[in-house]
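Counted the way this note's numbering counts, the sequence shown spans residues 78 to 202. We treat Cβ as the ideally placed atom computed from N, Cα and C, and that holds for glycine. Report on one structure; see the data block that follows.
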Amino acid sequence: MSRVQRKAARDIINCRTASLGAHIDTCDNCGYIRISYNSCRNRHCPKCQSFAKEKWIDKQRKNLLNTPYFHVVFTVPSELNPVFRQQQSAMYALLFQAASETVLELCADRKYLGAMPGITAILHT
């Protein structure tokens, strides 16, 4: 793993645990005390980024047309993982290029759709 990947993994593991410290919330009315552990704020952390993710999804939803959509997933064989780790920029560029060319070619074929698609591509790692 790279230094950045090790830091992300460490942050995610420690997120909202005592290792990152805590703060105390107290109710002004009843005096109830709640300990809240601090978050890592790492952009790769699923806990920290859930609000940002939902905000992004809402923004994308506003851009949708009133038409059917298809969700297509392209998966890289696990045997290629070492190559992707070593050459991330080149390999992800090839993946996006191959995926988009495949979708464009299949959609243009009248046998499947006979249309020009709009594509939103997102990398899920």
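Residues bridged to Arg111 (per DSSP):
Looking at the DSSP assignment, Arg111 forms a beta bridge with Asp102.
Spatial distance of Ala182 from Ile110 (CA atoms)
In the sequence under discussion, the amino acid at residue 182 is Glu, which differs from the Ala named in the question. Glu182 and Ile110: Cα-Cα distance of roughly 60 Å.
In terms of residues, what are the limits of the alpha helix (DSSP H) holding Glu131?
Judged by DSSP secondary structure, Glu131 falls within the alpha helix (DSSP H) whose first and last residues are 127 to 139.
Output yes if chain D places a C-beta closer than 7 Å to the C-beta of Ala95; else output no.
Considering every chain present, this structure includes no chain D. It has just one protein chain.
Can you look up Asn91 in the DSSP assignment and give me helix, strand or coil?
The answer is helix: DSSP assigns Asn91 an H, G or I state.
Closest to Ser96 by C-alpha separation, out of Arg87, Cys104, Asp102, would be which residue?
Arg87
Which residue comes first and which comes last in the alpha helix (DSSP H) that contains Ser166?
Start and end: 165 to 185.
Considering only residues of the same chain and omitting the five flanking positions on each side of Tyr189, which have a CB-CB separation below 8 Å?
Leu183
Buried or exposed by the 16-neighbour rule on C-beta atoms within 10 Å, applied to Cys107:
It counts as exposed.
Supposed contact pair Asn119 and Ile90 - C-beta distance, whole angstroms, cut 8 Å
Actually they are not in contact, since the Cβ atoms of Ile90 and Asn119 sit about 11 Å apart, beyond 8 Å.
In or out: Cys104 buried (at least 16 other Cβ within 10 Å) or exposed?
Exposed, since its Cβ has fewer than 16 Cβ neighbours within 10 Å.
Taking just the CA atoms, how far does Arg138 sit from Thr144?
Taking the straight line joining both Cα atoms gives about 12 Å.
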